[in-house]
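Peer 1: Okay, handing you the structure first.
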Amino acid sequence: MKATPLQRALAIIFGWGAALLLFFPIAWTVLTSFKSEAAATTPALFFTPTLESYREVFARANYLAFAWNSVVISFGATALALAFAIPAAYAMAFHPTRRTRGTLLWMLSTKMLPPVGVLVPIYLLFRNGGLLDTRIGLVIIYALMNLPIVVWMLFTFYKEVPNDILEAGRMDGARTGGEIWYLLLPLSLPGIFSTGLLSLILCWNEAFWSLNLTSVTAAPLTAFIASFSSPEGLFFAKLSAASTMAVAPILVFGWFSQRQLVQGLTFGAVK
Amino acid sequence: MTEGGRAITRHRHSVLKAAAVAIIGLFAGSAIARADSTITIATVNNGDMVVMQRLSSHFEQQHPDIHLRWVVLEENVLRQRVTTDIATKAGQFDILTIGNYEVPIWAKQGWLDPMDNLPASYDVNDLLKPVREGLTYKGKLYALPFYGESAMTYYRTDLFKKAGLTMPEAPTYEQIRQFADKITDKPHEIYGMCLRGKPGWGENMAYVTSLVNAEGGRWFDMKWKPTIDTPAWHKAISFYDSILKADGPPGATSNGFNENLALFASGHCGMWIDATVAGGLLYNKQQSKVADEVGFAAMPTGSFKGAPTWLWSWNLAIPTTSKQKDAARTFITWATSKEYIELVAKENGWVSVPPGTRKSTYDNPNYKQAAPFAEFVLKAIDVANPNGQTEQPRPYTGAQFVAIPEFQGIGTQVGQTIAATLTGQMSVDQALHAAQSATERTMRMAGYYR
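For the record, the sequence lines run as chains A and B. Be aware that the first sequence starts at 1, since it is given in full-length UniProt numbering, and climbs by one per residue. Be aware that the second sequence starts at 1, since it is given in full-length UniProt numbering, and climbs by one per residue.
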């Protein structure tokens, strides 16, 4: 069915409207970051831009150290989560048992517990394991936190891969490892990529555990932003500058991988 | 599989392998060896602490064997972070920045190291008495004050002049209401009275508690029964509710200290009653559009004149779990010393020195000249007396808070109920009745009575 010009125009308006609405808070943050503290409290669109806040933020905190921690922790946790989720989702998708459905739902249900409910036990485990303020500690907690979502997404992507192809591989003598490595991974690569990207973004933005389990050595960008919020004093411009600097890397990364993300999300549709 | 396909998968294989090696490599670099005298300081992102962080290079030059690591967090995040750490004895921090609310409670728990045997040069008797007493538990100091504050009334001299009004040095709440009614000019977005409305024990309840004290009320009777549903609270909350509805800015329930600061600094408030620290910020021309029109007066009084008003201090303390206590103590005595105050004066000017801690600061003619509000702040702190009595005797201490661990929860819950009167969801009667029974329940569960 072909869309009428009116329908197309409406779709374009709605599309742009939604995009602008979603982008507005980010645009406003970026705009505020170039204002002076006195101007930041008024909603003016036109003002004399200044780099004062950026200078201040750079002088006060070691941005690169925080950013590096964010990169290491997000990529590390995503890699760890994928390493567990790829075989787990394979087993569930291609060799289901009576309990597979239940297991999948149970995994998802663990996401329903508010993290603060387990703060003290996790904190004690980390203290005893010497994991407080270490990157490896955050990598483990983030991987565990994202594992249910990653398994679920991979499971739905695998479901789109015809079992016949894997069977043909088995006929040719491929063992489980080879089957996953040589057949399943290449076939579902866009799916894996978009799953990884989602996990990366979730890790990057996670603020509860990173604020509670790190102090200096492993503190990522979320701790960097939190250090610019103040209970006494005007700080909106500096906070906006810190936020802009914190979201910039992942924003750029997302931009470049947009194609793969869309490909992954529409994966499985008729090609 | 074709030869070409295999080559591609082999290639992919090696790419994945390389990625795995790279990730493992990243972790290997993450373990850092710690030097013996490295101390971790947890602090809040307030202006005076930012200055301390910047000037700490002077300390490191004087003490090359002590290295400093800073954890700067927002007040509530820091409180949660530090409380978790100290309650689980994890020992992540060597120096904590905590308020005078926490110090006696944590000292009682045995979480803090006493600050005794201070060197004579530190001149502990120079610390302002009400501030020092707030940090004392069973005769021992458990923290040293970094800066202190009370509260006062800020007003716009130009608006008062235009309306033909004069602000007395020590106004009463009745006068304040008349002034607010006259100045309010809603079509021009001028609101006669700005007050904290954001719910929270350290937000709206700080102001409400001092207002209740001024009207002859208190939080608990001598048997720890809450006394919220009483005439004194009714009078106080009715005043608060009606003045904010008649003369306050729209959406007052989302205004805390910072929001009101922004409103006043951009010229929307006729009066504002809040922490003395705002003085320095409102006089700063870079941040405030009304720097030349700011006047100040004492906190207003109600029917009971001698009530404790408002005293808050940010202090540095050493947790018992610290493994670097000597180095931590060296830093704290430096950061709260007379020499440090002089260093700030030399680097940033006298108006920027941390206020409210030492007599010697207020005796200094340079400070008096640079900070026109200095005398007011000193007077406000002197009369704040958190150990003073309310009209009816009370079993607790604290000026704008109650120094018991349960108060964070109680204060925030009652704060939400009082905010509900401002939005019109509840009447004052309903709110106080609800707050009374909720507080009674919390206190019973906490074991104060059966």
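From the three backbone atoms N, C-alpha and C, an ideal C-beta is built for every residue, glycine too. Being a predicted model, the structure only gives us computed values, none of them experimental.
Below 7 Å on C-beta distance, what does A/Thr42 contact in chain B?
Peer 2: Those within 7 Å of A/Thr42 in chain B are Ser266.
Peer 1: Return the residue from the list A/Pro87, A/Tyr142, A/Val161 that minimises the CA-CA distance to A/Gly76.
Peer 2: Closest by alpha carbon: A/Tyr142.
Peer 1: Mind pulling the chain A residues with CB within less than 8 Å of B/Lys182?
Peer 2: In chain order: nothing, as chain A lies at least about 26 Å away.
Peer 1: Going along chain B in order, which residues have a C-beta closer than 7 Å to the C-beta of A/Ala226?
Peer 2: Per Cβ cutoff of 7 Å: Leu73, Glu74, Val77.
Peer 1: What would DSSP say about B/Gly47, mapped onto helix, strand or coil?
Peer 2: Looking at B/Gly47 - three-state DSSP - the assignment turns out to be helix.
Peer 1: For B/Asn46, does the count of other Cβ atoms within 10 angstroms reach 16, so buried, or fall short, so exposed?
Peer 2: B/Asn46 is buried by the Cβ-count criterion.
Peer 1: Just mark A/Val118 as buried or exposed, buried being the case when its beta carbon has 16 or more other beta carbons within 10 Å.
Peer 2: Exposed is the call here.
Peer 1: Please list, in chain order, the chain B residues whose beta carbon lies closer than 8 Å to that of A/Asp164.
Peer 2: Correct list: empty, because the minimum Cβ distance to chain B is about 15 Å.
Peer 1: Could you check where the alpha helix (DSSP H) with B/Asn366 kicks off and where it finishes?
Peer 2: Counting along the chain, the alpha helix (DSSP H) containing B/Asn366 begins and ends at 365-370.
Peer 1: Exposed or buried, which one is B/Gln436 when buried takes at least 16 other CB atoms within 10 Å?
Peer 2: When all chains shown are included, B/Gln436 counts as buried.
Peer 1: Tell me the DSSP secondary structure of B/Ile24 in three-state form.
Peer 2: In this predicted model, B/Ile24 has a pLDDT of only 48, less than 50, meaning its place in the structure is not dependable; the value taken from the coordinates is given anyway. If DSSP states are grouped into helix, strand and coil, B/Ile24 belongs with the helices.
Peer 1: For B/Gly415, which residues from the same chain have a beta carbon less than 6 Å from its beta carbon, with the 5 sequence-adjacent residues on both sides left out?
Peer 2: The residues are Pro199, Gly200, Asn204, Met205.
Peer 1: Could you pull out every residue in the same chain whose Cβ sits closer than 8 Å to the Cβ of A/Ala226, ignoring the five residues on either side in sequence?
Peer 2: Within the same chain, A/Ala226 has close Cβ partners Ala207, Leu211.
Peer 1: Contact check, B/Leu343 vs B/Ile273 under 8 Å by CB: the rounded distance?
Peer 2: About 33 Å; that fails the 8 Å criterion.
Peer 1: Residues bridged to B/Ile273 by DSSP?
Peer 2: B/Ile273 pairs with B/Thr153.
Peer 1: Of all Cβ atoms in chain B, is any one closer than 8 Å to the Cβ of A/Ser33?
Peer 2: Taking Cβ atoms only, chain B never reaches closer than 8 Å to A/Ser33, which makes this a no.
Peer 1: Output yes or no for whether 8 Å exceeds the beta carbon distance between B/Gly270 and B/Leu422.
Peer 2: Taking 8 Å as the Cβ cut-off, B/Gly270 and B/Leu422 do not qualify as a contacting pair.
Peer 1: If you reduce the DSSP assignment to three classes, tell me which class A/Thr156 lands in.
Peer 2: A/Thr156: helix per DSSP, three-state reduction.
Peer 1: Could you name the residues of the segment 38-53 of chain B whose beta carbon sits closer than 8 Å to any beta carbon of chain A, in the order they occur along the chain?
Peer 2: Answer set for the segment 38-53 of chain B: Thr40, Ala42, Val44, Asn45, Asn46, Gly47, Val50, Gln53.
Peer 1: So with Cβ pairs under 8 Å, would you call B/Arg156 a contact of chain A?
Peer 2: Not one chain A Cβ lies under 8 Å of B/Arg156.
Peer 1: Short check: CB of B/Ala431 to CB of B/Ile418, under 8 Å?
Peer 2: Taking 8 Å as the Cβ cut-off, B/Ala431 and B/Ile418 qualify as a contacting pair.
Peer 1: What residues in its chain sit with their C-beta under 8 Å from that of B/Tyr396, if we drop five residues either side in the sequence?
Peer 2: The residues are Trp219, Phe220, Val402, Ala403, Ile404.
Peer 1: Applying the 10 Å Cβ sphere with the 16-neighbour rule, what's the burial state of A/Asn62?
Peer 2: Exposed: under 16 other Cβ atoms inside 10 Å.
Peer 1: Identify, in the order they occur along the chain, each residue of the same chain with its Cβ nearer than 8 Å to the Cβ of B/Thr153, setting aside the five sequence neighbours on each side.
Peer 2: Here the set comprises Met167, Pro171, Ile176, Met271, Trp272, Ile273, Phe296, Ala297, Ala298, Met299, Pro300.
Peer 1: Under a CB-based cut-off of 8 Å, is A/Asn205 close to chain B?
Peer 2: Output row for A/Asn205: interface = no.
Peer 1: Going by DSSP, what residue range makes up the alpha helix (DSSP H) through B/Phe296?
Peer 2: It is not in any alpha helix (DSSP H) - B/Phe296 instead sits in the beta strand (DSSP E) that spans 294-297.
Peer 1: What is the DSSP secondary structure of B/Arg358, reduced to helix, strand or coil?
Peer 2: Correct three-state label for B/Arg358: strand.
Peer 1: Quick one: what does DSSP say B/Gly29 is sitting in, helix, strand or coil?
Peer 2: Residue placement at B/Gly29 is flagged as unreliable, the pLDDT there being 42, under the threshold of 50; a coordinate-derived value is accordingly withheld.
Peer 1: Could you check how far apart the C-beta atoms of A/Ala155 and A/Gln260 are, in whole angstroms? I think they sit under 8 Å.
Peer 2: Note on residue identity: the sequence assigns Phe, not Ala, to residue 155 of chain A. In fact, because the Cβ distance is near 20 Å, the residues do not count as touching under 8 Å.
Peer 1: Please determine, among B/Tyr155, B/Lys89, B/Gly134, the residue with the shortest C-alpha to C-alpha distance to B/Gly279.
Peer 2: The shortest Cα separation from B/Gly279 among B/Tyr155, B/Lys89, B/Gly134 belongs to B/Tyr155.
Peer 1: Residues of chain A with a CB under 7 Å from the CB of B/Gln92: which are they?
Peer 2: Going along chain A in sequence order, the residues near B/Gln92 (Cβ under 7 Å) are Leu132, Asp133, Ser215.
Peer 1: Report the neighbours of B/Arg196 on chain A: residues whose CB is nearer than 9 Å to its CB, in chain order.
Peer 2: Residues of chain A passing the Cβ test: none, with the nearest at roughly 12 Å.
Peer 1: Count the CB pairs spanning the segment 256-268 of chain B and the segment 134-145 of chain B that are closer than 8 Å, and state whether there are at least three.
Peer 2: No: the two stretches stay apart, fewer than three of their Cβ pairs being nearer than 8 Å.
Peer 1: State the DSSP-derived secondary structure class of A/Trp106, mapped to helix, strand or coil.
Peer 2: In the structure shown, A/Trp106 sits in a helix (DSSP, three-state: H, G or I).
Peer 1: If you draw a straight line from the alpha carbon of A/Leu213 to that of A/Met112, how long is it in whole angstroms?
Peer 2: Spanning the two alpha carbons is a distance of roughly 21 Å.
Peer 1: Exposed or buried, what is A/Arg175 when buried is set at 16 or more other beta-carbons lying within 10 Å of its beta-carbon?
Peer 2: Classification of A/Arg175: exposed, given that the 10 Å Cβ count is below 16.
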